[in-house]
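Asks: First, the structure itself, so that you have it in front of you.
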Amino acid sequence: MRFADSFLVKCLFSRLLLVFLLLILPIGAATSQAAEEKKAAHPPMNFILVRSLLCQENCPEWISAEGRITSDTPARLRKILKKIGGRKLPVVFRSEGGDVDAAYAMGRMIRKAGLETAVGGTRLNDCPVGDMRCETAIAKDGGAVGYTYSSGAYCFSACPLALAGGVSRVSSQWAFIGVHQITTVYNKVRVSYRIEYKIVNGKKKEISRKEVGRKMAGQGSSTKLGKKSTAALTAYLKEMGVSEDVIGLMMSATPDNINIVPATEALRTGLITDMLSYNEWPGMPLCAPDAAAEAVCHSHPVAEAPVVAKAPVSQAPAQDASADTSETLPRTRPMDFLLMSNGNCQEECTLWISADGDITPDTPARLEAILKTLGGRKLPVVLQSYGGDLDAAFAMGRMIRAAGLETSIGRTQLPNCPKLDPRCIASIAKSGPTEGEVFAGRAYCLSTCTVVLTSGTPRIVGYSAIGLVRPTAAEYTKFFAYFDEMGVRAETYETMMFATSIEQGNILRSQALDLGIINGIIPYGEEPGLHVCGPDAKESLRCPGNRKAEIVSAAALAN
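In structure tokens form, the structure reads like this:
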């Protein structure tokens, strides 16, 4: 991109015409995400190779990347990537942003190296709170020992573009991702030339041109995206698998403000691919599909339940064999419903319906019975199930949608119940709600349970497992009709086709969000069932499914 203003000063010397051409050019123009005067307050980004302090052996390592992104940053990143060789170490970003072109280069380097990225800060061992990456903690070889944190960490401005380079990219509910308009900053330089002409047949003919001087003539900037800048940004986002909707998020906030992107929006647009749970930290590598339970990694695969042999036909209930898409899945017990309350909350936000167990043909009748006892109150339905009868799941979903209820995934724990029987009969109240707790962690909604989950308005999940199962050919039409009714994208069907009839096809929350299976993420510090996100929800209640992007000033965030 080049902008120029020019004028000529002409002087005639004997038979030669000397001309000094003064140009104003954007020499050294830099595409930046923040005003130039603010950059001086932040040091340039540097990279430290850090080993986890929180383990004894086989400790994870990561690249801590903190500071302002400058035109020199890609060279520094290239240097540390050369140092680690072919090791796949996550890059943990904490940055206020900076040079966009440099961020593009960094993202492409990270993607080419097959590295993961995360939003997080790093504190090195024995460093004070005011200088958490102190030089005294860095060894001569450039390595260090420390740990990462999410609370208050941020990736603003151009940083999300570098973050997008990760093959997987994660953040947490208590870290911040923010974007705003791109500012193109250019320097005006007055360039003087000595141009010699001679007159040939009455016309000027240039003989030579020589630069004789340069002088700064001011500085300018623009927040308008030109065609080339727009094309470069669009191409980069497509290359990284990020939605072009990010451009709209960027343009909705001026350079002096930051558009904080909610977790649901970050997942939907692909800025991140998953959220870290409360016991996971930035810099953890993504778990391999066969990762052991004790492996230090994030997004552990859900353990497959043992497959139980199909019962003989003579012992099975008489029903259409095609009606149950998971008849070879493990059986726990038929789904039952408990009206639950938490003694630490007040009024209707404290109540939820715990739906736990296998979906059977008579499950809709049980659901209908408990809904009648509610008298129109809109209480969340918290599901935990391996799935079961497909037609029953369709019926349950339509009942929940008609009642306008929220759905989520969670495991309910009653007091004085053993872990192997968390909803023991002895602790169930004889009348009224049963007091207990609900947790998203290690909860699951697999197979046809997900069909029920899609009916919620809203439908939100925390750190729980969502799984799909392959429908039979006879069920195609039913699935398409139901998904259309619930506003779920047809790609869900294709996702199901990747799983066999006896396997749960686990999907990421980002995938579930993109497909419309869920439309919200339960934030850190909250659990499923403890809030109502309907039109009558109290203003004091947090409704993550209804959250919109929040724009705050950069100055406020700095404070």
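Numbering (this note's numbering), first residue to last: 1 to 559.
Cβ coordinates follow ideal geometry from the N, Cα and C atoms, glycine included.
(1) Output the distance between the C-alpha atoms of Ser208 and Val189, rounded to the nearest integer angstrom.
(2) Could you check where the beta strand (DSSP E) with Val91 kicks off and where it finishes?
(3) Beta carbon of Val381, beta carbon of Leu405: below 8 angstroms?
(4) Are the segment 70 to 77 and the segment 131 to 142 touching by the rule of at least three beta carbon pairs closer than 8 angstroms?
(5) So what does DSSP say about Tyr386, is it helix, strand or coil?
(6) For Asn58, is the classification buried or exposed, using 16 other Cβ atoms within 10 angstroms of its Cβ as the cut-off for buried?
(7) Please classify Tyr386 as buried or exposed, where buried requires at least 16 neighbouring CB atoms within 10 angstroms.
(8) Run through the DSSP bridge pairs and tell me what Leu286 is partnered with.
(9) On the criterion of 16 or more Cβ atoms from any shown chain inside 10 Å, does Ser447 qualify as buried, or is it exposed?
(10) Can you say whether Ile199 is buried or exposed, counting buried as having 16 or more other CB atoms within 10 angstroms of its CB?
(11) Pick out whichever of Gln413, Ala402 and Ser151 has its Cα sitting closest to the Cα of Pro560.
(12) Compute the Euclidean distance between the alpha carbons of Ile247 and Met335, then round it to the nearest angstrom.
(13) Could you check if Glu116 is buried or exposed, using at least 16 other CB atoms within 10 Å of its CB as the buried criterion?
(14) Out of Ala102, Ser71, Thr70 and Leu49, state which residue places its alpha-carbon closest to the alpha-carbon of Val91.
(15) Given a cut-off of 8 angstroms, decide if Val261 and Gly178 are closer than it, judged by their beta-carbon atoms.
(16) Within the continuous beta strand (DSSP E) that includes Cys159, where are the two ends?
(17) Who pairs with Ser64 in a beta bridge, going by DSSP?
(18) Rounded C-beta distance between Pro364 and Met340? I'm assuming under 8 angstroms.
(19) Could you tell me whether the Cβ atoms of Arg283 and Thr148 are closer together than 8 angstroms?
(20) Excluding the five sequence neighbours on either side, which residues of its own chain have a C-beta within less than 8 angstroms of the C-beta of Leu249, listed in chain order?
(21) The ligand MG and Phe93: does the residue's C-beta get closer than 7 angstroms to at least one heavy atom of that ligand?
(22) Short check: CB of Leu338 to CB of Thr434, under 8 angstroms?
(23) Hey, out of Gln511, Ser168 and Gly516, whose CA is closest to Asp484's CA?
(24) If we ignore side chains and look at the alpha-carbon of each, how far apart do Ser354 and Leu267 end up?
(25) What first and last residue would you give for the alpha helix (DSSP H) that runs through Gly467?
(26) Taking only the alpha-carbon atoms, compute the straight-line gap between Glu61 and Pro418 and give it to the nearest angstrom.
(27) Please determine, among Leu271, Arg169, Arg123 and Asn519, the residue with the shortest C-alpha to C-alpha distance to Thr454.
(28) For the segment 369 to 457, list the beta strand (DSSP E) runs that are entirely contained and at least 3 residues long, ordered along the chain.
(29) If we ignore side chains and look at the alpha-carbon of each, how far apart do Ile272 and Ser168 end up?
(30) If you run the structure through DSSP and keep just helix, strand and coil, what is Val129?
(31) Buried or exposed for Tyr476, going by 16 or more other Cβ atoms inside 10 Å?
(32) Residue range of the alpha helix (DSSP H) that Ala481 falls in?
(33) Could you tell me whether the Cβ atoms of Ile359 and Cys445 are closer together than 8 angstroms?
(34) From the DSSP output, in three-state form, read off Ile182 for me.
(35) Nearest by alpha-carbon distance to Ile182: which of Trp281, Pro160 and Glu196 is it?
(36) Decide if Ile466 is buried, meaning its Cβ has at least 16 other Cβ atoms within 10 Å, or exposed.
Replies: Short version:
(1) 22 angstroms
(2) Val91 to Arg94
(3) yes
(4) no
(5) coil
(6) When all chains shown are included, Asn58 counts as exposed.
(7) Buried.
(8) His298
(9) buried
(10) exposed
(11) Outside the shown range of the chain, which is 1 to 559, sits residue 560, and nothing can be said about it.
(12) 45 angstroms
(13) With 16 or more Cβ atoms within 10 Å of its Cβ, Glu116 is classed as buried.
(14) Leu49
(15) yes
(16) In the DSSP annotation of this structure, Cys159 is not part of any beta strand (DSSP E); the continuous alpha helix (DSSP H) holding it starts and ends at Cys159 to Leu163.
(17) Ile48 and Val92
(18) Contact doesn't hold; Cβ gap of about 20 angstroms is too wide.
(19) A small fix is needed here, since residue 283 is Gly in this sequence, not Arg. Taking 8 angstroms as the Cβ cut-off, Gly283 and Thr148 qualify as a contacting pair.
(20) Val179, Asn259, Val261, Glu265, Thr269 and Ala549
(21) In the structure shown, the ligand MG is absent, as is every other ligand, since no ligand is present at all.
(22) yes
(23) Gly516
(24) 27 angstroms
(25) From DSSP, Gly467 is part of no alpha helix (DSSP H) but of the beta strand (DSSP E) over Ala465 to Leu468.
(26) 38 angstroms
(27) Asn519
(28) 381 to 384, 407 to 409, 411 to 413 and 437 to 439
(29) 7 angstroms
(30) Here Val129 sits in coil by DSSP.
(31) Counting other Cβ atoms within 10 Å of its Cβ, Tyr476 stays below 16 and is therefore classed as exposed.
(32) Tyr476 to Met486
(33) No, they are not a contact pair.
(34) Here DSSP, grouped into helix, strand and coil, assigns Ile182 to coil.
(35) Pro160
(36) buried
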